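Structure first, commentary second.
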């Protein structure tokens with residue numbers, strides 16, 4: 335089961351909003367909108383994606399990682415390692 339199951343509707347809403355933003359940027363480019371205005375919208379999309387990623391990471395830490403640590407054993411190390419790698423990927427972007 336996904337760790338974000340209780341926040342699933344919120345995550346889906348966020349992603350749909352981002353999808354709409356991307357379609358808007360496509361339309362802006364199709365209509366030859368001024369470059370800086372398009373870049374401003376791309377920046378907003380990036381921020382929205384980052385926010386969504388942080389929410390997913392928070393849910394993963396609160397649910398999946400916490401449960402694995404409580405259970406103990408090798409699975410805890412695996413989950414913490416996965417979370418660390420995910421954080422590293424987010425930091426690079």
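In the numbering used here, the protein residues as written are 335 to 427. Built from N, CA and C at the ideal position, the CB exists for glycine as well. All values derive from a computational prediction rather than experimental measurement.
Simplified DSSP state of residue i, which is helix, strand or coil
i, result
"residue 365", "coil"
"residue 381", "helix"
"residue 336", "coil"
"residue 291", "Residue numbering for the chain in the displayed model covers 335 to 427; residue 291 lies beyond these limits and cannot be assessed."
Straight-line gap, residue i to residue j (C-alpha atoms, nearest Å)
i, j, result
"residue 399", "residue 374", "36 angstroms"
"residue 397", "residue 352", "25 angstroms"
"residue 388", "residue 350", "17 angstroms"
"residue 372", "residue 417", "33 angstroms"
"residue 401", "residue 376", "37 angstroms"
"residue 365", "residue 354", "16 angstroms"
"residue 347", "residue 404", "31 angstroms"
Worksheet entry | Stretch-stretch touch, CB-based, cutoff 8 angstroms, three pairs: the stretch 356-363 with the stretch 403-415 | no
Discussion item. Whether or not the stretch 336-351 and the stretch 366-380 are in contact is what I'm after, with contact meaning three or more pairs of Cβ atoms, one per stretch, closer than 8 angstroms; do they touch?
Written reply: no
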